[in-house]
Amino acid sequence: MISMIVAMGENNAIGKDNELLWHLPEDFKYFKKTTMGKPILMGRKTYESIGKPLPGRENIVITRDKTFTADGVTIVNSIDAALSASQQYDEVMVIGGASFYQQMLPMVKRLYLTLVHQTFDADAFFPDINEDEWVETERREYAADERHAYNFSFVTLDRTVERTG
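Residue numbers 919 to 1083, in the working numbering, belong to the letters of the sequence shown in order.
Now the structure itself:
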């Protein structure tokens, strides 16, 4: 199963200048717990913003740059190659960035969303989803506190309509 994990603002904002727009420690814990032991697929810019392979997960970086190299990650040049490199796993996690989310969304069966209840100035956005194709299976609400500047929710959506093409 192909899944996607993303934190986004109310306006689908996910980043600016290749950086996250917020610091939510509980979201970092959620990301780690949800992705641990699973292959994570990401675009090159997302990998470069992280700066190193994430431990406990097979890191697969997709890039059109055939000269790109990085230690401790699997580098592929196509979506087919990325899926082939992770086919032995029950769940594969797409972790960004914006253009990779756009390309992969039609293939995704589950979305793990962190919805940050604020709008943000951004240059990277998560694509709009057709809500008729998804059902909410889990939601947890969190209030802003001394460690979290914004209210946020963890929401899991499962696709109810099979995509064709």
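Just so you know, even glycine gets a beta-carbon here, dropped at the ideal spot from N, CA and C.
Nothing here was measured: the structure is a model prediction, and the numbers come from that model.
**Study point:** Other residues of its chain near Glu1059: CB distance less than 6 Å, five sequence neighbours each side excluded
**Key:** Counting from one through the sequence shown, the residue named residue 1059 turns up at place 141. For Glu1059, where only same-chain residues beyond five positions count, the Cβ hits under 6 Å are Ser1071.
Exercise for review: Can you tell me which of the three DSSP states Glu937 falls into?
Suggested key: The residue labelled residue 937 in the question sits at position 19 within the sequence shown. Looking at Glu937 - three-state DSSP - the assignment turns out to be strand.
Check your understanding: What residues are listed by DSSP as bridge partners for Thr1074?
Key -> Along the sequence shown, read from residue 1 onward, the residue named residue 1074 stands at position 156. In DSSP, Thr1074 forms a bridge with Tyr1030, Glu1056.
Point to revise | Burial state of Gly969 (16 or more Cβ within 10 Å) | key: Here residue 969 is taken as the residue at index 51 of the sequence shown, counted from 1. By the neighbour-count rule (16 or more Cβ atoms within 10 Å), Gly969 is not buried but exposed.
Check your understanding: How many Å lie between Lys963 and Leu1031 at the Cα?
Key -> In the sequence shown, residue 963 corresponds to position 45, counting from 1. In the sequence shown, residue 1031 corresponds to position 113, counting from 1. Separation of Lys963 and Leu1031 (C-alpha to C-alpha, rounded to the nearest whole angstrom) is 20 Å.
Point to revise | Simplified DSSP assignment, three categories, for Leu959 | key: As a first step, residue 959 must be located in the sequence shown, where it is residue number 41. DSSP places Leu959 in strand when its eight states are reduced to three.
Point to revise | Spatial neighbours of Ala1028 in its chain, beta-carbon cut-off 6 Å, leaving aside the 5 residues before and after | key: In the sequence shown, counting from the first residue as 1, residue 1028 sits at position 110. Reading off the sequence shown, one finds Arg at residue 1028, where the question assumed Ala. If we look at Arg1028 and ignore the five residues flanking it on each side, its Cβ neighbours are Ser921, Asp1076.
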